[in-house]
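FYI, in the numbering used here the residues of the sequence shown are -6 to 370. Following: one structure in structure tokens, then a few remarks.
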Amino acid sequence: MNAGPVMTLDEAELAALRDSIADVLKSECDSRKVHAWLDRKNDLGPALWRQAVELGWLGLSLPEADGGLGLGARGLQILSRELGAYAAPGGFIPTLCVAQWLVTVADADQRAALLGPVVVGEAGFAVPAILEGAAVPALSGDGKTVSGKVDVLGCVAGSVETVFAVVPLEAAWAVVRIDGVAARAEPIESWDLTRDLARLECSDAPVVAVIADADGRAGALLGSYLAVALAADSLGGADAIAHKTVEYMKERVQFDRAVATFQALRHRAADLIVRIATQESLLEQAVQCLDNGSPDSAMWARLAKAGASDAFVFVAADCIQLHGGVGHTWEYDPHIYIKRARLNEALLGNNRALRDTAVRLLDGALGEGRTTTEIDW
């Protein structure tokens, strides 16, 4: 199951796209603005969303028929990585991933009703914070209404007029509109202030769309898109805080020498870059598999999310130490990235459980006599 053919750009075009996104974020989402957002002294979240709409970022992954550029999982990877590098606030990951998922699993009417408002920035999506594992509750529904509770990751308040939530049913997924009456979202206090978590309570909430999922393939695909986006966000964040830390070490002086000249610390900094680089290769495998419709895409996506978020936690934690005493303070950046890393680690599902799922998928592939490393490049 995949979203069909995707547009292929050469390396120069992809690099230009990445650079264009990074240039905007460097100007509109620098460290000072992120810190002010955490103190709730600016409107960075909604402002960045408006900027993304104007620049067409919300349609990077979607097919041209749905108002997008058609880059598929590659688009998710590129945008999510840059947003992660700047710790950008907003509900980009749930919105972009659900939109891309609907391209494959929804019918034409559902796509028109749900994707159109997203591309123009009028609507966003919320998705269960924990999508896989025993802790995921199934809500009750009759195909017309839904009742029950689930914790969701959604859009930053004030960014969009309408938020649709994807919620799990027995052998299906339902889309409901969070209207504050039949479907109410109560904010959940989180350590990561760049993201919005909420407890969604549905009381006979009208269903906007139902996606049948008797064999679990639709849910697995949604999980794969989320896994790739979270992995890319994690690697972008890890790479950014690692390089910020190296620059700080060049400036910080101890015993009349920059601490960056101490061999032990140089080795630690190099280890951070190596950890990130190894996970980049795993994410690349996952993106290629998703865009090429590989039967093993679910396995690679979950391995990529688990590996990248684990690496992000390690890198961000070590960067706090490499900053010395100021690494723990509010004024510096490391605390922003470690909080984002810890939330990425928890989202979608426990990393150990995701790796267990990958092992089961690998066992199934081997049982069919199929190698999991071949990709139709």
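C-beta atoms are modelled at their ideal positions from N, C-alpha and C, and glycine is treated no differently. A quick note: this is a predicted structure, and the numbers were derived from the prediction, not measured.
Alpha-carbon spacing of residue i relative to residue j, whole angstroms
i	j	result
W94	H260	42 Å
T364	V352	14 Å
D0	L64	The residue you asked about is not Asp; residue 0 is Met in the sequence shown. Distance between the alpha carbons of M0 and L64: 5 Å.
S13	L72	10 Å
F157	I171	6 Å
A231	V308	6 Å
G360	T187	43 Å
C312	A198	45 Å
L347	L41	31 Å
D369	L18	Residue placement at D369 is flagged as unreliable, the pLDDT there being 47, under the threshold of 50; the coordinate-derived value follows with that caveat. Approximately 34 Å between the Cα atoms of the pair.
V221	C90	9 Å
A304	E244	25 Å
E324	H28	8 Å
A297	L228	10 Å
S20	H321	26 Å
E240	A262	11 Å
A191	E179	5 Å
E338	V306	8 Å
A251	T238	13 Å
G126	D349	10 Å
R11	A233	14 Å
F255	N285	46 Å
T88	D36	19 Å
L315	M242	8 Å
Closest by C-alpha distance to residue i, when choosing among the options
i	options	result
I204	D100, L336, K26	D100
A58	S290, G109, G212, V98	G109
D289	Q103, G151, G357	G357
D208	A78, D23, A165, A191	A165
Q247	C282, R295, G317	G317
A78	D135, A175, R67, I331	I331
D185	A80, C22, N285, A310	A80
V98	R250, V160, L215	L215
K137	R11, A202, G60	A202
V174	S196, Q44, V149, Q281	S196
Under 8 Å between C-beta atoms of residue i and residue j
i	j	result
S54	L69	yes
G117	D189	no
V113	V46	yes
A167	V200	yes
L146	L276	no
L124	G300	no
W50	P82	no
L193	A119	yes
L219	I329	no
S217	A294	yes
G38	S183	no
A279	A224	yes
P121	V96	no
L355	A66	no
A310	I266	no
V139	V169	yes
In DSSP terms, what residue i is bridged to
i	result
E194	K142, R177
F118	F157
R67	Bridge partners of R67: none, in fact.
P199	T138
W166	P161, I204
R250	Q247
G320	None; G320 has no bridge partner.
D189	G147
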